[in-house]
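Residue numbers (our numbering): 5 to 460. Beta carbons: idealized from backbone N, C-alpha and C, even for Gly. Model, not experiment: these values are computed from the prediction.
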């Protein structure tokens, strides 16, 4: 007996699949072998496929399956480093060369000295993100590359023009962080190609940057996504230049303020700041000033050096989505209550400070939009399974979990916890076990998420 599938031409099926979500297309692959073949080989759907290579859990047999599947990958992430002793680079290069003919984006998440060999596997690359000092000497010339992002500024060549010998059509340069001895090179590179940079760290108070102020304000057009204003000690009160920058270049979407001791900036720029990194060292400081930071999306507190770091005056900031508490101790109950009530829309929460288990539960219970949690979730002194009963009811929206399971005794308990996270997509877990158990552990965990990263 004929089915409707017999009357659907391939061209019509491809049109139908084009209206479906990526997840729905993956479900269609399971329904029918014909649909599976169409989706795997249709160039329109190449962006569906992202490969995450972790050599600790991706075995040679897995690579064979990849080669046989004929999947056209558009992006690849490699969790590989110089410490990955079990990696045969020659074999890895051979496999990536075969499966990487359609790859346009690659990310290498750790320092890997053979990154140039990996990059050379992908002739159609448009975007490169690596955590290594760039080795241009052994890279093939690639006219397709437009975007290059490195972890640190000093990973770029000293002469930024050297990039054009390998990537002649480069359009965007980006980096996450910098070092204090990068001052002069940062300015020189920016002068050479001001419209290429997506980020610029301004070191307020440094003599070389003071001398660059007039020239910087004379640029007519910039391509910046982020302008980061870092105040060296003794210059926390000086916001004059930042005020001029926000006035001259109002289209810069992200203005980041980094300071060792937070001093309230003038009112005319408070609403323009999107990220604040600060240390709380002032006894008179109160978080309530953040109510005027209408565009603040991310708050990072490096350390707490005062007894009541947050203060007890409730305020409201609905724009804050990311909260990162890095060092110190939060013993004051009233401070904690003030914080979780005043920033109700937190979606990303990272916690490295000492905090009682009850305070943690109270926070993530209040933040109904919480999707991303990074924390040492299972404490040494929490051996009673009943203490985790509150977690499932307050984490039903959680999509990303990064945590440390510090002892084998918690592993089964952790698996039970994962069953209560229906929206979980990415799990990054560290645990105290041997590498020999990594594959077994991964098999147990992968049921509960779409992306898995296991560290021992």
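Between the alpha carbons of residue i and residue j, how many angstroms are there, rounded?
{"i": "residue 347", "j": "residue 187", "result": "36 angstroms"}
{"i": "residue 176", "j": "residue 10", "result": "48 angstroms"}
{"i": "residue 97", "j": "residue 41", "result": "26 angstroms"}
{"i": "residue 312", "j": "residue 301", "result": "23 angstroms"}
{"i": "residue 363", "j": "residue 340", "result": "7 angstroms"}
{"i": "residue 385", "j": "residue 430", "result": "Residue placement at residue 385 cannot be trusted, given a pLDDT of 46 that sits under 50; the coordinates are not used to answer."}
{"i": "residue 124", "j": "residue 43", "result": "27 angstroms"}
{"i": "residue 127", "j": "residue 428", "result": "34 angstroms"}
{"i": "residue 37", "j": "residue 107", "result": "24 angstroms"}
{"i": "residue 423", "j": "residue 449", "result": "10 angstroms"}
{"i": "residue 103", "j": "residue 371", "result": "42 angstroms"}
{"i": "residue 30", "j": "residue 92", "result": "31 angstroms"}
{"i": "residue 200", "j": "residue 213", "result": "19 angstroms"}
{"i": "residue 463", "j": "residue 117", "result": "This structure leaves residue 463 out entirely; the chain is present only between 5 and 460."}
{"i": "residue 129", "j": "residue 46", "result": "19 angstroms"}
{"i": "residue 283", "j": "residue 112", "result": "31 angstroms"}
{"i": "residue 13", "j": "residue 151", "result": "39 angstroms"}
{"i": "residue 136", "j": "residue 196", "result": "23 angstroms"}
{"i": "residue 95", "j": "residue 194", "result": "39 angstroms"}
{"i": "residue 23", "j": "residue 16", "result": "11 angstroms"}
{"i": "residue 405", "j": "residue 211", "result": "43 angstroms"}
{"i": "residue 296", "j": "residue 321", "result": "8 angstroms"}
{"i": "residue 189", "j": "residue 80", "result": "31 angstroms"}
{"i": "residue 32", "j": "residue 25", "result": "11 angstroms"}
{"i": "residue 337", "j": "residue 87", "result": "43 angstroms"}
{"i": "residue 328", "j": "residue 101", "result": "39 angstroms"}
{"i": "residue 169", "j": "residue 120", "result": "15 angstroms"}
{"i": "residue 319", "j": "residue 255", "result": "29 angstroms"}
{"i": "residue 18", "j": "residue 105", "result": "22 angstroms"}
{"i": "residue 134", "j": "residue 365", "result": "36 angstroms"}
{"i": "residue 260", "j": "residue 345", "result": "24 angstroms"}
{"i": "residue 294", "j": "residue 28", "result": "42 angstroms"}
{"i": "residue 208", "j": "residue 219", "result": "15 angstroms"}
{"i": "residue 440", "j": "residue 149", "result": "Because residue 440 sits at a pLDDT of 48, beneath the cut-off of 50, its placement in the model cannot be relied upon, and the following sentence gives the value as read from the coordinates. Straight-line Cα distance between these residues: approximately 39 angstroms."}
{"i": "residue 227", "j": "residue 353", "result": "30 angstroms"}
{"i": "residue 143", "j": "residue 270", "result": "48 angstroms"}
{"i": "residue 382", "j": "residue 20", "result": "Note that residue 382 has pLDDT 48, beneath the 50 cutoff, so the model's placement of it is unreliable and no number is given."}
{"i": "residue 161", "j": "residue 99", "result": "29 angstroms"}
{"i": "residue 215", "j": "residue 306", "result": "29 angstroms"}
{"i": "residue 183", "j": "residue 242", "result": "21 angstroms"}
{"i": "residue 165", "j": "residue 192", "result": "11 angstroms"}
{"i": "residue 275", "j": "residue 425", "result": "36 angstroms"}
{"i": "residue 379", "j": "residue 357", "result": "9 angstroms"}
For residue i versus residue j, is the C-beta distance shorter than 8 angstroms?
{"i": "residue 247", "j": "residue 277", "result": "no"}
{"i": "residue 206", "j": "residue 171", "result": "no"}
{"i": "residue 252", "j": "residue 221", "result": "yes"}
{"i": "residue 433", "j": "residue 407", "result": "yes"}
{"i": "residue 138", "j": "residue 156", "result": "no"}
{"i": "residue 179", "j": "residue 153", "result": "yes"}
{"i": "residue 114", "j": "residue 83", "result": "yes"}
{"i": "residue 257", "j": "residue 223", "result": "no"}
{"i": "residue 350", "j": "residue 377", "result": "no"}
{"i": "residue 299", "j": "residue 263", "result": "no"}
{"i": "residue 355", "j": "residue 314", "result": "no"}
{"i": "residue 402", "j": "residue 374", "result": "yes"}
{"i": "residue 281", "j": "residue 304", "result": "yes"}
{"i": "residue 245", "j": "residue 279", "result": "no"}
{"i": "residue 173", "j": "residue 147", "result": "yes"}
{"i": "residue 109", "j": "residue 78", "result": "yes"}
Run through the DSSP bridge pairs and tell me what residue i is partnered with.
{"i": "residue 328", "result": "304 and 354"}
{"i": "residue 207", "result": "234"}
{"i": "residue 23", "result": "For residue 23, which the question treats as bridged, DSSP gives no partner whatsoever."}
{"i": "residue 263", "result": "235 and 282"}
{"i": "residue 105", "result": "Its beta-bridge partners do not exist; DSSP assigns none."}
{"i": "residue 43", "result": "None; residue 43 has no bridge partner."}
{"i": "residue 376", "result": "352 and 404"}
{"i": "residue 340", "result": "DSSP output for residue 340 lists no bridge partner at all."}
{"i": "residue 258", "result": "230"}
{"i": "residue 201", "result": "177"}
Where are the beta strand (DSSP E) runs, 3 residues long or more, that stay fully inside the stretch 129-192, in chain order? The qualifying runs are 131-134, 151-156 and 176-181.
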